[in-house]
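I have placed the structure first, in the form of structure tokens, so that the comments after it can refer back to it.
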Amino acid sequence: MTMTVVLGGLALLVPLLCGALWLRAGWGRGAPSGFWAMALGYGYILGVLAATVLLRLLDALTLPLNFAIPALLMAGTAMGSAWWAWRTARDSTGTGRIDDEAPPPWQRWLWIALLAWLTIRMITLALEVIWLPLFPWDAWSTWMVRPQAWLAARQLLAFQDARTWLNDASGQVYHIEAWRYPLTVSLIALWSALASGQWQENLVNLSWWVCGLALGLGFYGQARLWGAKPLQAMTFAWLLLTLPLLDVHMALAGYADLWLTAVFGLAAMAFMQWIRFRDRRQGVLALLLALFCPSIKQEGWVWVALFVPALLAAVLPKRYGLGLVGLLALLLCGGLILGLGGFDHASSGVSPTIADILQTLGISHFRLVYWDSGQPVIESLLILDNWHLLGYLILVALLGVGGLLARQATHAGGSEGQRRDLWTTTLFVLSLATAFFGLFFLTEAGRWAEDFTSINRIILHFVPALLFWTLTVFVAPRGLTRETRAD
678 MTMTVVLGGL ALLVPLLCGA LWLRAGWGRG APSGFWAMAL GYGYILGVLA
728 ATVLLRLLDA LTLPLNFAIP ALLMAGTAMG SAWWAWRTAR DSTGTGRIDD
778 EAPPPWQRWL WIALLAWLTI RMITLALEVI WLPLFPWDAW STWMVRPQAW
828 LAARQLLAFQ DARTWLNDAS GQVYHIEAWR YPLTVSLIAL WSALASGQWQ
878 ENLVNLSWWV CGLALGLGFY GQARLWGAKP LQAMTFAWLL LTLPLLDVHM
928 ALAGYADLWL TAVFGLAAMA FMQWIRFRDR RQGVLALLLA LFCPSIKQEG
978 WVWVALFVPA LLAAVLPKRY GLGLVGLLAL LLCGGLILGL GGFDHASSGV
1028 SPTIADILQT LGISHFRLVY WDSGQPVIES LLILDNWHLL GYLILVALLG
1078 VGGLLARQAT HAGGSEGQRR DLWTTTLFVL SLATAFFGLF FLTEAGRWAE
1128 DFTSINRIIL HFVPALLFWT LTVFVAPRGL TRETRAD
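When we follow the numbering used here, the leftmost residue of the sequence shown carries the number 678, and every step to the right adds one.
Pasting the structure below:
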């Protein structure tokens, strides 16, 4: 039993340490304040995603699935990264650190109090994960069914539709209702099971807890890199990690939504950092994580597209802005025309290739239907307990960004770049809001709002990005004071 626990712990530590070392090597000279919190958070997510890619590669090479080969490959690259980071630090003439003045004692004590609060909360969540059996419904039906079959066979057995399964005589085809769902979350569960060599639910489920912890660490580190003081960063990390629905998805391991929340949220934070500072390292992080979103859940394809308007606004000259608005309007009109006509690719005459792509995305048919989802949305965000007071904080942030933009609009010269960055990050948030509105007010998914089911899981995907954007509204980026930000 002890050896099983040790091996299960390796499944968590190997991605964490390897990913952190990869980031340290790629960051170059010096580690700014908050870097190691960011590196550990992003590192675990990148490391475990890399492990799933290696498992796919093993299966493609027809090698038996195992923990040792991917772990050794990751450890080897991590050792090379550690050597490169050491050599870079040795050759560096400066530390490259971004340090702050020592905070007053009351801030240090409050920072410690919040850390103690979060520590106790994370311990109780870990105990919930260890003590509770596999519980969520999607885990029973989809995400945890596949890895158990793969673990027994040591290969990625195919899961197909019911007709293919019934007609198969080889015994190598399996069926679940959601057989089209992406594989990454099931591969993460398989990674933990391969480490211990057996299916131990409590050890497998701990990866969900570490995922939530990594999200919090990544958020805190990015807040510090943005320019937040330690207490400011800790306060926003506390706001994130004490959200009831986020904690539920950590304690009741098995849903894919926590992984999509972490991957999309960390990508969005890096994207906003890139918009403000044009840091290529943050841009690469945002790109890598965003491209993994479709491998976690089918709606990940849509979430990736939400980066595009802000990306175009950031890279295109200002004179192309009107053309960008026109292009987006044409795309929106095309979607409205298809939706009002009740688009069905089976009878629309599209090519088989495009039809297959649409089917993969889960778009076989959609019709625009107005749903009066105002009351359940307001109740979910502003009244019920899932989000505490987050909805009110976002409303205050919207007022705050409006005030900032209004003040910046009255100044010229050096504030032009600051104003454009603020517009661009706000455009990204408006893209999230537009997708949310279109989904729950203009499609049949509105019934998910009426019965309070998937609406909160969709909100969860956006929460880290919204909370980090809120921080950027109230906390001036490094190099600027709150006074000079509006000048």
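Don't be surprised by glycine CBs; every beta carbon is placed ideally from N, CA and C.
Check                                                                                                                              : Outcome
Close Cβ partners of residue 1152 (< 6 Å) along its chain, the five nearest in sequence each way excluded                          : 905, 909
Distance, residue 835 Cα to residue 738 Cα                                                                                         : 16 Å
Cut-off 6 Å between Cβ atoms - residues of its own chain near residue 805, not counting five sequence neighbours on either side    : 928
Opposing strand residues paired with residue 852 [DSSP bridges]                                                                    : 837
Chain-order list of residues whose beta-carbon lies under 7 Å from that of residue 1070 (same chain, five-residue window excluded) : 1147
Exposure label - residue 1182; buried when at least 16 CB within 10 Å                                                              : Outside the modelled stretch of the chain, which goes from 678 to 1164, sits residue 1182, for which no answer is possible.
Alpha-carbon to alpha-carbon, residue 724 and residue 693                                                                          : 6 Å
Whole-Å CB distance - residue 795 paired with residue 885, under 8 Å assumed                                                       : The Cβ separation is near 17 Å, so there is no contact.
Nonlocal neighbours in the same chain, by C-beta distance under 6 Å from residue 1122, ignoring five residues either side          : 1116
Residue(s) in a DSSP beta bridge with residue 933                                                                                  : According to DSSP, residue 933 bridges with nothing at all.
Sequence-distant residues of its chain with Cβ nearer than 7 Å to residue 825 (five each side left out)                            : 876
Contact set for residue 864: own chain, Cβ-Cβ below 6 Å, skip 5 residues either direction                                          : 729, 732
CB contact flag (residue 945, residue 1105, <9 Å)                                                                                  : yes
Straight-line Cα distance separating residue 1156 from residue 808                                                                 : 47 Å
Pairwise C-alpha distance: residue 1052 and residue 716                                                                            : 41 Å
Option in 705, 822, 987 with minimal Cα separation from residue 1198                                                               : Nothing about residue 1198 can be read from this structure; the chain reaches only from 678 to 1164.
Beta-carbon spacing of residue 1144, residue 896 below 9 Å                                                                         : yes
Whole-angstrom C-beta distance between residue 1149 and residue 949, which should lie under 8 Å                                    : 6 Å
Element boundaries [alpha helix (DSSP H), containing residue 792]                                                                  : 782 to 808
The segment 737 to 752 in contact with the segment 930 to 940 per 3-pair CB rule at 8 Å                                            : no
Proximity to residue 861 [Cα-Cα], best of 781, 821, 1132, 993                                                                      : 821
Top-ranked residue by Cα proximity to residue 740, from 703, 833, 925, 696                                                         : 833
Residue from 797, 758, 962 whose Cα sits closest to the Cα of residue 924                                                          : 797
Given residue 703 as reference, the closest of 828, 791, 962 once Cα atoms are compared                                            : 962
Beta-carbon gap between residue 892 and residue 688 smaller than 9 Å                                                               : no
Inter-residue Cα distance where the pair is residue 1135 and residue 964                                                           : 21 Å
8 Å CB neighbourhood of residue 917 in its chain, flanking five on each side removed                                               : 892, 893, 896, 923, 1140, 1141, 1144
Residue of 966, 788, 866 minimising C-alpha distance to residue 878                                                                : 866
Residue range of the alpha helix (DSSP H) that includes residue 743                                                                : First-last for residue 743: undefined, no H or E at that position.
Close-in-space but distant-in-sequence residues of the same chain around residue 837 (CB under 8 Å, 5 per side omitted)            : 845, 850, 851, 852, 856
Closest residue to residue 1130 among 901, 784, 941, 1056 (Cα-Cα distance)                                                         : 1056
Alpha-carbon spacing of residue 803 relative to residue 882, whole angstroms                                                       : 10 Å
Residue 873 vs residue 681 beta-carbon contact at 9 Å                                                                              : yes
Length-filtered (4 minimum) alpha helix (DSSP H) runs lying within the segment 699 to 744                                          : 712 to 737
Between the CA atoms of residue 854 and residue 819 - distance to the nearest angstrom                                             : 8 Å
Three-way DSSP call (helix, strand, coil) for residue 1113 in this model                                                           : helix
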